[in-house]
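Below is one structure, written out as structure tokens; the observations come after it.
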Amino acid sequence: MRVCLGYVALALPLPSASKTLTYTNYEKLGSNALPKLNDIILNNFHNLKEILKYNYANNVHFYRLSHHLIPLATHPSVHFDYIKNYQNYWQEIGLFFKKYNIRTDTHPDQFCVLNSPNKEVLNNSIRILEYNKNIFNAMEIEGKVILHVGGLFNDKEKAIQRFIKNFQKLDKTLQEMILLENDDKVFNIKDVLKICETLKIPMVLDYHHYKCNNEGEDIKDYLPRIIKTWNNSGLMPKMHFSSPKSIYAKRSHSDYINAGDFIVFLELLKNFTDEIYIMLECKAKDDALFRLVRELKYKTNYKFINETTFVV
DNA sequence: CGTGGTCAAGCGGTA
DNA sequence: TACCGCTTGACCACG
Numbered sequence: 001m002r003v004c005l006g007y008v009a010l011a012l013p014l015p016s017a018s019k020t021l022t023y024t025n026y027e028k029l030g031s032n033a034l035p036k037l038n039d040i041i042l043n044n045f046h047n048l049k050e051i052l053k054y055n056y057a058n059n060v061h062f063y064r065l066s067h068h069l070i071p072l073a074t075h076p077s078v079h080f081d082y083i084k085n086y087q088n089y090w091q092e093i094g095l096f097f098k099k100y101n102i103r104t105d106t107h108p109d110q111f112c113v114l115n116s117p118n119k120e121v122l123n124n125s126i127r128i129l130e131y132n133k134n135i136f137n138a139m140e141i142e143g144k145v146i147l148h149v150g151g152l153f154n155d156k157e158k159a160i161q162r163f164i165k166n167f168q169k170l171d172k173t174l175q176e177m178i179l180l181e182n183d184d185k186v187f188n189i190k191d192v193l194k195i196c197e198t199l200k201i202p203m204v205l206d207y208h209h210y211k212c213n214n215e216g217e218d219i220k221d222y223l224p225r226i227i228k229t230w231n232n233s234g235l236m237p238k239m240h241f242s243s244p245k246s247i248y249a250k251r252s253h254s255d256y257i258n259a260g261d262f263i264v265f266l267e268l269l270k271n272f273t274d275e276i277y278i279m280l281e282c283k284a285k286d287d288a289l290f291r292l293v294r295e296l297k298y299k300t301n302y303k304f305i306n307e308t309t310f311v312v
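Next up, the structure:
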């Protein structure tokens, strides 16, 4: 099995590409607000380019874009054309992704709730999805958006049906962009798998969330079906992996990956797929990735193709 | 100079 | 019932 590792949003040695501006501060600035916003955006673009160069130099070909690249892009009261105003920057970033062969996706924060019974929340969620579509289009890359099912609203079956109904009403271009991930509290792998099979969309298994939220099901019984959801997507399957902070704070993410647990997972996974992209979700970001690789090189005889890709 | 509260938005869970 | 985490950082008031 060929494994390709990736990390999320920040490269520790470099400045952040997701500096933000809150609406309150934006309003306080008066006529200086848009120039300030513009400064922050240009800075984020610059820092993102540096992160992509850093990724390429370190053989990282899987990287999640922070969706805070453009602050206030989806705010109802802030009007600016975040695509046209920065067309050259989008093109340039897109070229970096293509030239460096870096697979990417985004993961909107908690306000994107596609199964909300509240119309305003739903509309806002769609606006967030459109933002993602717009930036992928501007960069001319095939990015995907990873979503959770959303809220429980006291009735899981109804909540699932509402997700399905709202998904089916989305524009086809938005539908094609969405991947669905199991969460750590409500929608477990069985729930998400059922939705993914119904809607024919790929499922992103989050192993850490599975550990937090399950009904005693054995992951190996579900891996074949999870992998199968990727069959007609034209994409290599991807999963998320992280380690719990402690046995007490089980849901929190640890700074680093527990290499032993990771090896056990890979040894199981290799029975079900020939290729996997694994996004590591750790506080220590790229550092966690490189540290894990050093440990794998020492503890296993995996054959390394480059710094972040190897064969199990 | 360092710390803690606040910021557009939603949920479920815990004390 | 009120806060916490999810993710993640700026900026302000305060000590």
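Residues in the first sequence are numbered consecutively from 1, following this note's numbering. Idealized CB from N, CA, C, for every residue including glycine. Note that the structure is predicted; figures quoted are calculated from it, not measured.
Item	Value
Best match in Y54, N166, I263, D155 for proximity to V186 [C-alpha to C-alpha]	D155
Where Y298 falls: helix, strand or coil (DSSP)	helix
Neighbour-count burial assignment, L114, 16 or more Cβ in a 10 Å radius	buried
Which of helix, strand or coil DSSP assigns to Y63	strand
Outcome for L65 when other beta-carbon atoms lying within 10 angstroms are tallied against a minimum of 16	buried
Neighbour-count burial assignment, I305, 16 or more Cβ in a 10 Å radius	exposed
Boundaries (first-last residue) of the alpha helix (DSSP H) holding V264	259-269
Inside the segment 121-201 only - alpha helix (DSSP H) runs reaching at least 4 residues	156-169, 172-175, 189-199
DSSP beta-bridge partners of F97	According to DSSP, F97 bridges with nothing at all.
As assigned by DSSP and simplified to three states, the class of V293	helix
Contact belief for L14 with N47 at Cβ below 8 angstroms, rounded distance in angstroms	7 angstroms
Among E197, F167, L205, I263, nearest to N232 - alpha-carbon criterion	E197
Rounded C-alpha distance that separates H240 from G30	42 angstroms
DSSP beta-bridge partners of D105	R64, K144
Rounded separation between V9 and Y63 - CA only	Before going on, a small fix: residue 9 reads as Ala here, not Val. In a straight line, the C-alpha of A9 is about 7 angstroms away from that of Y63.
For P13: DSSP bridge partner residues	P13 is not bridged to any residue.
Neighbourhood of L205 by C-beta, 6 angstroms cutoff - its chain only, sequence neighbours within 5 removed	I226, M239
Which of helix, strand or coil DSSP assigns to P76	coil
Outcome for S243 when other beta-carbon atoms lying within 10 angstroms are tallied against a minimum of 16	buried
Distance between F153 and L268 (C-alpha atoms, nearest Å)	35 angstroms
Three-state class that DSSP yields for F45 in the structure shown	helix
Classification of E281 by the beta-carbon crowding that lies within 10 angstroms, buried from 16 upward	buried
Neighbour-count burial assignment, P76, 16 or more Cβ in a 10 Å radius	exposed
Start-to-end residues for the alpha helix (DSSP H) that takes in C112	Unbroken run through C112: none, as it is neither H nor E.
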